[in-house]
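*Asks:* First the structure, which I've put down as structure tokens, then a few questions once you've had a look.
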Amino acid sequence: MTQDQTSPATNKISTYLMMIVLIVVAIAIVALIIAASLYYSGLSATGSTQSGYYTTAGILAVIGLIALTMSTFTLFQSRRQAVQMKIEIPKVMSTIECKKCGTKTVREYQRGDYVYKELDACPKCPDTKQIITAIYKEVKEKEKTYNV
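Residue numbers (the numbering used here): 282 to 429.
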């Protein structure tokens, strides 16, 4: 992965959140199915218990619809937040100095770099080796927003 790219994990929805949403959706669908079955059995039932079927079916239908709506809303909100939240990997730089002439150069960190590591010869004085004197991450200042 290069320094400019963001981590692919930042664009994904949490597995736990996804499982909770799927469980709530399943429960909502079951509530809607039970509500429909109670409503239809209330139509065929005779006697005074008919209004009880309708009331229970209505309550289950409302609960199912609310749960379905809330889980879809949570799913879309978490996807939107995952897209907005990007973690940028900072550039790590190595400072290289010549022991003799003091020439400094800065380059991107390479695997295996460590402080006081001896490198190739200096371009100005070929008889002296260069060493890594510092390894640091480049800090970019974010734009300041002013509330007006």
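C-beta: ideal position from N, C-alpha, C; glycine also. Since this is a predicted model, take the numbers as computed values, not measurements.
So what does K410 bridge to, in DSSP terms?
*Replies:* For the purposes of this step, residue 410 is identified with residue 129 of the sequence shown, where counting begins at 1. In DSSP, K410 forms a bridge with A402.
*Asks:* Determine the closest residue to I416 out of T409, P404, D401 and T386, with distance taken between C-alpha atoms.
*Replies:* Here residue 416 refers to the residue found at position 135 when the sequence shown is read from its first residue. Answer by Cα proximity: T386.
*Asks:* Alpha carbon to alpha carbon, how far is Y395 from F354?
*Replies:* Walking along the sequence shown from the start, residue 395 turns up at place 114. Walking along the sequence shown from the start, residue 354 turns up at place 73. Those two C-alpha atoms are separated by around 49 Å.
*Asks:* Could you pull the start and end residues of the beta strand (DSSP E) that R388 belongs to?
*Replies:* For the purposes of this step, residue 388 is identified with residue 107 of the sequence shown, where counting begins at 1. From DSSP, the beta strand (DSSP E) with R388 extends over K385 to E389.
*Asks:* Tell whether a beta-carbon distance below 9 Å holds between Q391 and C403.
*Replies:* Taking the sequence shown and counting its residues from 1, the one referred to as residue 391 is at position 110. Taking the sequence shown and counting its residues from 1, the one referred to as residue 403 is at position 122. No, these two residues do not count as a Cβ contact at 9 Å.
*Asks:* For S375, report the span of its beta strand (DSSP E) as first-last.
*Replies:* What you label residue 375 is simply residue 94 of the sequence shown in a count that begins at 1. From DSSP, the beta strand (DSSP E) with S375 extends over V373 to C379.
*Asks:* Tell me the DSSP bridge mates of I416?
*Replies:* If you number the sequence shown from 1, residue 416 lands on position 135. S375.
*Asks:* Suppose you measure from the CA of I344 to the CA of A312; what does that come to, to the nearest Å?
*Replies:* As a first step, residue 344 must be located in the sequence shown, where it is residue number 63. As a first step, residue 312 must be located in the sequence shown, where it is residue number 31. For I344 and A312, the distance between alpha carbons rounds to 7 Å.
*Asks:* Out of I370, T384 and G393, which one is the CA nearest neighbour of K405?
*Replies:* Start at 1 with the first residue of the sequence shown, and residue 405 comes out as number 124. Closest by alpha carbon: T384.
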